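S.K.: Mind looking over this structure? Questions follow.
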Amino acid sequence: MMKKNTKFMLSLVTTAILLSGTTHAAEQTEDGIKLGGAVRVNYAYRDYDQVNKDKMGDLYFDMAAIKFDGKRGNWGLSSEYRFTSGTNYIKYGYAYYDLNPDWQLQFGINKVPFGNRDFISNSYWFGIPYYLGFEDDHDTGIKAVYNNNGWHTDLAFYKGAEYGPKENKRYSTDIYTGTINGNDYANEETNQFNARQTYTFEHEGGETTIGASLQYGQIYNSNLEQNGDRYAVALHLDSSYQGWNLQLQAMQYEYDDNEHENTIGVSVVSWQYEIASKGQAYNLNIAKTIPTKWGSLKFYNDFGIMTPDVSDDSFDNSLQNVTGCAISAGPTYTMVDFVMGKNMTFSTANNDHVGLPEVGDDWDKRININFGYYF
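So this is what it looks like as structure tokens:
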């Protein structure tokens, strides 16, 4: 478990990139080229890791990123690549074409439109949907984006993930081919369709975005030489009022590979683990942003629960709660998080999965501080 946590901390990339001012090609209005990036270090203290506790935590290099955004006329290109101490991988890289002021086409590795349009989390740690493959996911395909008068529509088709199914060195969670806990998986995600519709309306003191998402795709199983299927649906809300922000999301998903009844293997940030093949995930996040003379302070609490819905009654819920503060000052962005996990991969000592039978019955705790410089 220590090895897995170390890899995770060296590799996990978070919402701070966007929150600190990342500019995507879709948001540019003038021709030109923009180069940017980030360098980050991380401190981690785990109350369930005696070696880590004896050292009063660990401080180490987290990651470096290089970003490129270019635009000429109606054509553009946007990409981001990440480097850690142990590996490197692409986050996104796509070309785009502005059909008109309302419609844009994106082709390449782009963000999958599912769930809340930005993130269903405020913290460095992401929300439970990220570990299931449904938050900040990026796959290879084509996406059409419509935005006008508060209405935002995303329609997309993805042929596959950004890397092959045997690769675990990736930014976002995808289906994995390999052996996990003695179980052999031979699955690959393919032929995925996404549709998301949101509407944003302004009101006194802020604005509110409501929406719904649908995802359907196939799972090719090389052992059976046949396709299974998978789907997910979600309802989501993101509302702000006088510096306060509320995020709500409810989703249901199912992976059916025609070989494993209750589990599926996934991989992310140089690790692989099992999740319940069917279940629900619920998120409730609240945040308060306070402007300062030198930047801003954002206090937040992100809570998520995953409830398995499989034929094995021994499978247990997974829970995660993150209380934290994000500090924005000039080109720096620091996230201070107190993480509590129960039966949840990456945030517990003995439960390297999501939604499987729990080992023990405790909440594990850790403190994480991530400091980033963005340019």
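For the sequence shown, the residue numbers in my numbering are 174 to 548. No residue lacks a Cβ here, since even glycine has one placed at the ideal position from N, Cα and C. Treat the numbers as computed from the prediction; the structure is a model and nothing was measured.
(1) How should L492 be labelled, buried or exposed, when 16 other C-beta atoms within 10 angstroms of its C-beta is the threshold for buried?
(2) Counting Cβ pairs closer than 8 Å, one from the stretch 312–327 and one from the stretch 268–281, do we hit at least three?
(3) Which value, in whole angstroms, describes the spacing of the CA atoms of D310 and A423?
(4) How far does the beta strand (DSSP E) with Q445 in it reach, from first residue to last?
(5) If you measure between the beta carbons of I448 and H526, is that distance less than 9 Å?
(6) For G205 and L250, I'd like the C-alpha separation in whole angstroms.
(7) Answer yes or no: do T436 and N541 have a C-beta to C-beta separation smaller than 9 Å?
(8) By Cβ distance below 6 Å, which residues in the same chain neighbour Y426 in space, the five residues on each side in sequence not counted?
(9) Considering only their Cβ atoms, is the gap separating T521 from Y546 smaller than 9 Å?
(10) When we look at the beta-carbon of S484 and count the other beta-carbons within 10 Å, is it buried (16 or more) or exposed?
(11) So that I know if they touch, is there some Cβ in chain D lying closer than 9 Å to that of Y254?
(12) Relative to the C-alpha of V384, which candidate in S395, T371 and W324 has its C-alpha closest?
(13) Can you tell me whether A502 is buried or exposed? The criterion is at least 16 other CB atoms within 10 Å of its CB, across all chains shown.
(14) Taking just the CA atoms, how far does Y331 sit from K240?
(15) Enumerated in chain order, which unbroken segments of the beta strand (DSSP E) with a length of 3 residues or greater are wholly contained in the stretch 251–292?
(16) When the Cα of W417 is compared with those of I459, V442 and N396, which residue comes out closest?
(17) Looking only at C-alpha atoms, which of N431, Y265 and N247 sits nearest to G314?
(18) Just list the residues that DSSP pairs L408 with in beta bridges.
(19) Once the 5 residues before and after P338 are set aside, which same chain residues still bring their CB inside 7 Å of it?
(20) Which of the three DSSP states is assigned to Y233 in this structure?
(21) Mind checking H298: buried by the 16 CB within 10 Å criterion, or exposed?
(22) Is it true that the CB of D489 sits closer than 9 Å to the CB of G528?
(23) If you follow the beta strand (DSSP E) that K538 is in, where does it begin and where does it stop?
(24) Output yes or no for whether 9 Å exceeds the beta carbon distance between D227 and A217.
(25) For R403, which beta-bridge partners are listed by DSSP?
(26) Are the beta-carbon atoms belonging to N524 and Q445 less than 9 Å from one another?
(27) List the endpoints of the continuous alpha helix (DSSP H) containing N367.
(28) Mark G438 as exposed unless 16 or more other C-beta atoms lie within 10 angstroms of its C-beta, in which case mark it buried.
(29) At the level of alpha carbons, what is the spacing between T346 and Y428?
(30) Suppose contacts are defined by Cβ-Cβ distances below 9 Å. Is D312 in contact with I282 by that definition?
(31) Could you give the residue range of the alpha helix (DSSP H) that holds K226?
(32) Using a Cβ-Cβ cut-off of 7 Å (strictly less than) and excluding sequence neighbours within five positions of R213, which residues of its own chain qualify?
(33) Return the chain-ordered list of same chain residues with a C-beta closer than 6 Å to the C-beta of R245, the five sequence neighbours on each side being excluded.
(34) Using a 10 Å radius around the Cβ and a threshold of 16 neighbouring Cβ atoms, would you call P549 buried or exposed?
(35) Classify F280 as buried or exposed, calling it buried when 16 or more other Cβ atoms lie within 10 Å of its own Cβ.
(36) Distance, Cα to Cα, D486 vs S469?
M.R.: Inspection of the coordinates gives the following:
(1) The residue labelled residue 492 in the question sits at position 319 within the sequence shown. It is buried - the Cβ of L492 has at least 16 other Cβ atoms within 10 Å.
(2) yes
(3) Here the question's residue 310 lines up with position 137 in the sequence shown. Here the question's residue 423 lines up with position 250 in the sequence shown. Those two C-alpha atoms are separated by around 17 Å.
(4) Numbered from its first residue, the sequence shown carries residue 445 at position 272. Q445 -> beta strand (DSSP E) spans W444 to A449.
(5) Here the question's residue 448 lines up with position 275 in the sequence shown. Here the question's residue 526 lines up with position 353 in the sequence shown. Against a cut-off of 9 Å, the Cβ pair of H526 and I448 comes out as a contact.
(6) For this step, residue 205 is matched to residue 32 along the sequence shown. For this step, residue 250 is matched to residue 77 along the sequence shown. Distance between the alpha carbons of G205 and L250: 11 Å.
(7) As a position in the sequence shown, residue 436 is number 263, starting the count at 1. As a position in the sequence shown, residue 541 is number 368, starting the count at 1. Result no, Cβ atoms of T436 and N541 do not sit closer than 9 Å.
(8) One-based indexing of the sequence shown puts residue 426 at position 253. Once the five neighbours on either side are set aside, the close Cβ partners of Y426 are A405.
(9) Position 373 of the sequence shown, counted from the first residue, corresponds to residue 546. Position 348 of the sequence shown, counted from the first residue, corresponds to residue 521. Taking 9 Å as the Cβ cut-off, Y546 and T521 do not qualify as a contacting pair.
(10) Taking the sequence shown and counting its residues from 1, the one referred to as residue 484 is at position 311. Label assigned to S484: exposed.
(11) This model lacks chain D altogether; it includes just one protein chain.
(12) The residue labelled residue 384 in the question sits at position 211 within the sequence shown. Checking the displayed sequence, the identity of residue 384 turns out to be Gly instead of Val. The candidate whose alpha carbon is nearest that of G384 is T371.
(13) In the sequence shown, the residue the question calls residue 502 occupies position 329. A502 should be labelled exposed.
(14) Translated into positions along the sequence shown, residue 240 becomes position 67. Translated into positions along the sequence shown, residue 331 becomes position 158. Those two C-alpha atoms are separated by around 23 Å.
(15) 261–271 and 276–284
(16) By 1-based counting over the sequence shown, the position of residue 417 is 244. Checked all of I459, V442 and N396; the closest Cα to W417 is I459.
(17) Here residue 314 refers to the residue found at position 141 when the sequence shown is read from its first residue. Taking only the C-alpha atoms, the option nearest G314 is Y265.
(18) Numbered from its first residue, the sequence shown carries residue 408 at position 235. In the DSSP output, where bridge partners are listed per residue, L408 has A385 and A423.
(19) In the sequence shown, counting from the first residue as 1, residue 338 sits at position 165. Closer than 7 Å at the Cβ level, and outside the excluded window around P338, lie I348, Y349, T350, N360 and E361.
(20) Locating residue 233 in the sequence shown gives position 60, counting from the first residue. Three-state result, Y233: strand.
(21) Taking the first residue of the sequence shown as position 1, residue 298 is located at position 125. The amino acid at residue 298 is misidentified as His; the sequence shows Trp. It counts as buried.
(22) Along the sequence shown, one-based indexing puts residue 528 at 355. Along the sequence shown, one-based indexing puts residue 489 at 316. Against a cut-off of 9 Å, the Cβ pair of D489 and G528 comes out as a contact.
(23) In the sequence shown, the residue the question calls residue 538 occupies position 365. Segment D537 to Y547, the beta strand (DSSP E) holding K538.
(24) Stepping through the sequence shown from its first residue, residue 227 is reached at position 54. Stepping through the sequence shown from its first residue, residue 217 is reached at position 44. The answer is no: Cβ separation not under 9 Å.
(25) Residue mapping note: residue 403 aligns to position 230 of the sequence shown, counting from 1. Partner(s): G390 and Y428.
(26) Translated into the one-based positions of the sequence shown, residue 524 becomes position 351. Translated into the one-based positions of the sequence shown, residue 445 becomes position 272. No.
(27) Indexing the sequence shown from 1 puts residue 367 at position 194. Element bounds for N367: not the alpha helix (DSSP H) but the beta strand (DSSP E), N356 to H376.
(28) Within the sequence shown, residue 438 is the residue found at index 265, counting from 1. It is buried - the Cβ of G438 has at least 16 other Cβ atoms within 10 Å.
(29) Looking up residue 346 in the sequence shown gives position 173. Looking up residue 428 in the sequence shown gives position 255. Cα to Cα, T346 sits roughly 14 Å from Y428.
(30) Position 139 of the sequence shown, counted from the start, is the residue given in the question as residue 312. Position 109 of the sequence shown, counted from the start, is the residue given in the question as residue 282. Against a cut-off of 9 Å, the Cβ pair of I282 and D312 comes out as a contact.
(31) The residue given as residue 226 occupies position 53 in the sequence shown. Per DSSP, K226 belongs to the alpha helix (DSSP H) from Q223 to D227.
(32) Here residue 213 corresponds to residue number 40 of the sequence shown, with the count starting at 1. Only D235, M236, N543, F544 and G545 meet the Cβ criterion.
(33) If you number the sequence shown from 1, residue 245 lands on position 72. The residues are D204.
(34) Outside the shown range of the chain (174 to 548) lies residue 549, about which nothing can therefore be said.
(35) As a working mapping, residue 280 is identified with position 107 in the sequence shown. That one is exposed.
(36) Translated into positions along the sequence shown, residue 486 becomes position 313. Translated into positions along the sequence shown, residue 469 becomes position 296. For D486 and S469, the distance between alpha carbons rounds to 46 Å.
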